[in-house]
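Notes follow the structure.
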Amino acid sequence: MVAFTSITQGIFLLSFMMLGISEAAPASSTSSASTAPHLNGTTADNFTFPPIISSRTQPVSDPVFAGNLNAEAESIEKNKKWFIEHGGNFNNITKRDSNTVGGMTMDLPENVPPMPAAISISSPSSNSDSGNAASVVSATSAQITKFKFHAALAATAYCRSVVPIGSWNCANCLKYVPDGKLLVTFSSLLADTNGFVLKSDAQKTIHLVFRGTNSIRSAITDLIFDFTNYTPVKGAKVHKGFLASYNEVVNTFFPILQAQITANPSYKVEISGHSLGGAQALLAGMDLYQRDKRLTSKNLSIYTVGCPRVGNPEFAYYVDSTGIPFSRSVNKRDIVPHVPPQSFGFLHPGVEAWDRSSSNVQICSANIETKYCSNSIVPFTTISDHLTYYDINEGLCL
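Residue numbers (full-length UniProt numbering): 1 to 398.
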């Protein structure tokens, strides 16, 4: 069991780590011309889920980049040693469960090791070099603009006017997708999973967006890191609560997306989310890829901000093998991307964009997490860095 010194801390981390399965509630049958319909975990009439495409769920026996589940532990030992040598008392931090989660600090102690200098690696030395794979480079201005766009889009999901009311009129709504048309908003009861489907004709894009944690209702039980089988892919496992929360809402947005892809065959599909919403975005991207042959690496992509680890190495290697572009942003010392810990058997897929500062974003371009981006600063993490991404406030409606 993990205890917390404040209600805020407990709600924040428990609410995305522990999620339950709720019974479906009746659908809302009313909507107006100015607002999108809001659905509570129900499926559109006469909709049948497409079957899984078996050729798109093959497990990976020989990954391109082998992850290193010791990379995080190695950084922890290195940074703890520096901290102690410079007068820090790590025992005072860890003696109470309320100070750490999964071995990561909830709040940043004084005199922690400085952020490592930005590095550049042009090519891999091997596919299993203690987490080193592919290049480490500075993000281009175009990449940062794209990451910021999805951070802003994820932030709009926290607006009550957007979810559940269904009006696309918040400041960030109009700034980033001025022609956006909300097609549906959705939520579940127990897990409090929320999001929306948005269409932009100007961008020729259909957006699926998941909201992060914003409710005490999800904080219903002790913090645990449970795996469950990811049934489409043999050997793959994912966080039990994350999958359960996704399954509560998949039947609300899936038929809407299917219809939009049919109506707009040339449009891209982009999926995004902050915090827990990032985990759901990843699961949604894989689910859509597995069920709709029209979606490929050319028209489907996933962008997350502050996303926790979702699955085991087999799941990460599978995500990599699909070729679906997956970019996950990490802000400075954000604690959330470091839970569940690697030591519990979890591993991130995706290209990491480490936002060291507003003008210094480091890209670890391997499609599996490495030791060179945000893993280099553990265990000295903080909740405060989870609340702002690319100067966008996450969790506030702006």
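Ideal Cβ positions, reconstructed from N, Cα and C, are used throughout, including at glycine.
A quick note: this is a predicted structure, and the numbers were derived from the prediction, not measured.
Is the separation between the beta-carbon of Leu183 and that of Ala36 shorter than 7 Å? In the sequence shown, residue 183 corresponds to position 183, counting from 1. In the sequence shown, residue 36 corresponds to position 36, counting from 1. Yes, they are a contact pair.
Is it the case that the region 226 to 235 contacts the region 189 to 205, given that we only count it when at least three CB pairs across the two stretches are under 8 Å? no
Whole-angstrom distance between Ser55 and Trp354, CA atom to CA atom: In the sequence shown, residue 354 corresponds to position 354, counting from 1. In the sequence shown, residue 55 corresponds to position 55, counting from 1. Put simply, the backbone Cα of Trp354 is about 33 Å away from that of Ser55.
Tell me the DSSP secondary structure of Pro337 in three-state form. Counting from one through the sequence shown, the residue named residue 337 turns up at place 337. Correct three-state label for Pro337: helix.
Any alpha helix (DSSP H) of 4 or more consecutive residues that is wholly inside the region 66 to 110: 71 to 85, 90 to 94
Rounded to whole angstroms, how far is the Cβ of Pro341 from the Cβ of Pro308, which I believe are closer than 8 Å? On the sequence shown, residue 341 is found 341 positions in, with the first residue counted as 1. On the sequence shown, residue 308 is found 308 positions in, with the first residue counted as 1. That pair is no contact at about 10 Å.
So Ser343 and Glu72 are in contact, right, with Cβ under 8 Å, and what is the actual spacing, rounded? In the sequence shown, counting from the first residue as 1, residue 343 sits at position 343. In the sequence shown, counting from the first residue as 1, residue 72 sits at position 72. Sure, about 7 Å apart at Cβ, within 8 Å.
So Ala171 and Ile392 are supposed to be a Cβ contact under 8 Å. How far apart are they, rounded? Here the question's residue 171 lines up with position 171 in the sequence shown. Here the question's residue 392 lines up with position 392 in the sequence shown. Their Cβ separation, rounded to whole angstroms, is 11 Å, which puts Ala171 and Ile392 out of contact at 8 Å.
Excluding the five sequence neighbours on either side, which residues of its own chain have a C-beta within less than 6 Å of the C-beta of Cys364, listed in chain order? Residue numbering aside, residue 364 sits at position 364 when the sequence shown is read from its first letter. Excluding positions up to five away in sequence, the list reads Val136, Glu352, Thr370, Tyr372, Cys373.
Could you spell out where the alpha helix (DSSP H) holding Ala118 opens and where it closes? For this step, residue 118 is matched to residue 118 along the sequence shown. Per DSSP, Ala118 belongs to no alpha helix (DSSP H) and is neither H nor E.
Under 7 Å Cβ to Cβ from Ile119, same chain only, skipping five residues before and after it: list those, please. The residue you call residue 119 lines up with position 119 of the sequence shown. In its chain, beyond the 5 residues on either side, Val136, Tyr372 have a beta carbon closer than 7 Å to the beta carbon of Ile119.
If you reduce the DSSP assignment to three classes, tell me which class Pro63 lands in. For the purposes of this step, residue 63 is taken as residue 63 along the sequence shown, with counting starting at 1. DSSP places Pro63 in coil when its eight states are reduced to three.
So Val378 and His348 are supposed to be a Cβ contact under 8 Å. How far apart are they, rounded? As a working mapping, residue 378 is identified with position 378 in the sequence shown. As a working mapping, residue 348 is identified with position 348 in the sequence shown. Not quite, the Cβ-Cβ distance comes to about 13 Å (not below 8 Å), so this is no contact.
For a quick check, are the C-beta atoms of Ile335 and Tyr267 less than 7 Å apart? By one-based count along the sequence shown, residue 335 stands at place 335. By one-based count along the sequence shown, residue 267 stands at place 267. Contact flag unset, no.
Quick check on the DSSP output: the beta strand (DSSP E) that includes Phe210 runs from which residue to which? Here residue 210 corresponds to residue number 210 of the sequence shown, with the count starting at 1. Looking at the DSSP string, the run of the beta strand (DSSP E) that includes Phe210 is 205 to 210.
In the DSSP assignment, find the unbroken alpha helix (DSSP H) run with Glu394 in it and report its ends. For the purposes of this step, residue 394 is taken as the residue at position 394 of the sequence shown. First-last for Glu394: undefined, no H or E at that position.
Jot down the residue ranges of each uninterrupted beta strand (DSSP E) in the UniProt domain "Fungal lipase-type" (208 to 343), minimum 3 residues, whole runs only, in chain order. 227 to 229, 237 to 239, 268 to 274, 300 to 305, 326 to 331
What three-state label does DSSP hand Asn169 in the structure shown? Here residue 169 is taken as the residue at index 169 of the sequence shown, counted from 1. If DSSP states are grouped into helix, strand and coil, Asn169 belongs with coil.
In three-state DSSP terms, what is Tyr176? The count along the sequence shown starts at 1 and reaches residue 176 at position 176. Reduced to three states, the DSSP call for Tyr176 is helix.
Please name the residue, chosen from Leu257, Pro178, Pro113, that lies closest to Arg291 on a Cα-to-Cα basis. Here residue 291 corresponds to residue number 291 of the sequence shown, with the count starting at 1. Of Leu257, Pro178, Pro113, the residue nearest in Cα terms is Leu257.
Quick check: what's the CA-CA separation for Pro232 versus Ala244? Counting from one through the sequence shown, the residue named residue 232 turns up at place 232. Counting from one through the sequence shown, the residue named residue 244 turns up at place 244. Distance between the alpha carbons of Pro232 and Ala244 is about 15 Å.
When the Cα of Glu270 is compared with those of Ser327, Met115, Leu276, Phe315, which residue comes out closest? Taking the sequence shown and counting its residues from 1, the one referred to as residue 270 is at position 270. Among Ser327, Met115, Leu276, Phe315, the Cα nearest to that of Glu270 is on Ser327.
Rounded C-alpha distance that separates Ser130 from Cys173: Counting from 1 along the sequence shown, the entry for residue 130 is found at position 130. Counting from 1 along the sequence shown, the entry for residue 173 is found at position 173. Low local confidence applies: a pLDDT of 43 at Ser130 is under 50, so the model's placement there is unreliable, with the coordinate-based value given in what follows. It is roughly 42 Å from the alpha-carbon of Ser130 to the alpha-carbon of Cys173.
May I have the straight-line CA-CA distance separating Gln362 from Pro51, to the nearest angstrom? Position 362 of the sequence shown, counted from the first residue, corresponds to residue 362. Position 51 of the sequence shown, counted from the first residue, corresponds to residue 51. Distance between the alpha carbons of Gln362 and Pro51: 39 Å.
Buried or exposed: where does Ala142 fall if 16 or more other Cβ atoms within 10 Å of its Cβ makes it buried? Start at 1 with the first residue of the sequence shown, and residue 142 comes out as number 142. Per the 10 Å Cβ criterion, exposed.
Quick one, which of His38, Phe49, Asp62, Ser329 has its alpha-carbon nearest Phe315's? Counting from one through the sequence shown, the residue named residue 315 turns up at place 315. Minimum Cα distance to Phe315 is reached at Asp62.
According to DSSP, simplified to helix, strand and coil, what is His150? Residue numbering aside, residue 150 sits at position 150 when the sequence shown is read from its first letter. DSSP places His150 in helix when its eight states are reduced to three.
Identify whether Ser125 lies in helix, strand or coil by the three-state DSSP scheme. Here residue 125 refers to the residue found at position 125 of the sequence shown. The predicted position of Ser125 is uncertain, since its pLDDT is 48 and thus under 50; a value taken from the coordinates is nonetheless stated next. If DSSP states are grouped into helix, strand and coil, Ser125 belongs with coil.
With H, G and I counted as helix, E and B as strand and the rest as coil, what does DSSP make of Gln58? Taking the sequence shown and counting its residues from 1, one reaches residue 58 at position 58. Correct three-state label for Gln58: coil.
How close, in whole Å, do the beta carbons of Tyr389 and Gly306 come, if the pair is a contact with beta carbons under 8 Å? Sequence index remark: in the sequence shown, residue 389 carries index 389 (1-based). Sequence index remark: in the sequence shown, residue 306 carries index 306 (1-based). Correct: roughly 7 Å between the Cβ atoms.
Skipping 5 residues on each side, what residues in its chain have a beta carbon closer than 6 Å to that of Pro325? Within the sequence shown, residue 325 is the residue found at index 325, counting from 1. Shown here for Pro325: same chain residues with a beta carbon closer than 6 Å to its own, the five before and five after excluded, namely Ser301 in chain order.
So who's on the other strand from Asn194, going by DSSP bridges? Mapped onto the sequence shown, residue 194 falls at position 194. Looking at the DSSP assignment, Asn194 forms a beta bridge with Ser187.
Identify which residue in Ser167, Val162, Pro164, Thr156 has its Cα closest to the Cα of Tyr176. Walking along the sequence shown from the start, residue 176 turns up at place 176. It is Thr156.
Can you grab the Cα-Cα spacing for the pair Arg356 / Thr252, in whole Å? Residue 356 sits at position 356 when you count from the first residue of the sequence shown. Residue 252 sits at position 252 when you count from the first residue of the sequence shown. Rounded to whole angstroms, Arg356 to Thr252 spans 37 Å at the Cα level.
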